[in-house]
Amino acid sequence: MESSGTTRRQATRQRLYEAAVTLIAEKGFSATTVDEIAERA
7 MESSGTTRRQ ATRQRLYEAA VTLIAEKGFS ATTVDEIAER A
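If you want this note's numbering, it's the position in the sequence shown, counting the first as 1, plus 6.
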């Protein structure tokens, strides 16, 4: 059984990943910043 902290961490990681993929597809890798990814997530 997973702890709630582990589950929340996985959900956060998934949101960050999805935001990164979306932004990179929209703007390109070089034009995407970590701040934008965090804001979108």
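Note that CB positions come from ideal geometry on N, CA and C, so glycine has one too.
Discussion item. Check this for me: beta carbons of Arg46 and Thr28, under 8 Å apart or not?
Written reply: Mapped onto the sequence shown, residue 46 falls at position 40. Mapped onto the sequence shown, residue 28 falls at position 22. In contact: Arg46 and Thr28 (Cβ atoms closer than 8 Å).
Worksheet item: Per DSSP, what kind of secondary structure is Ser10 in: helix, strand or coil?
Response: The sequence position of residue 10 within the sequence shown is 4, counting from 1. If DSSP states are grouped into helix, strand and coil, Ser10 belongs with the helices.
Worksheet item: For Thr13, is the classification buried or exposed, using 16 other Cβ atoms within 10 angstroms of its Cβ as the cut-off for buried?
Response: Locating residue 13 in the sequence shown gives position 7, counting from the first residue. Exposed, since its Cβ has fewer than 16 Cβ neighbours within 10 Å.
Fill in: Distance between Gln16 and Ser9 (C-alpha atoms, nearest Å)
The residue labelled residue 9 in the question sits at position 3 within the sequence shown. The residue labelled residue 16 in the question sits at position 10 within the sequence shown. Distance between the alpha carbons of Ser9 and Gln16: 11 Å.
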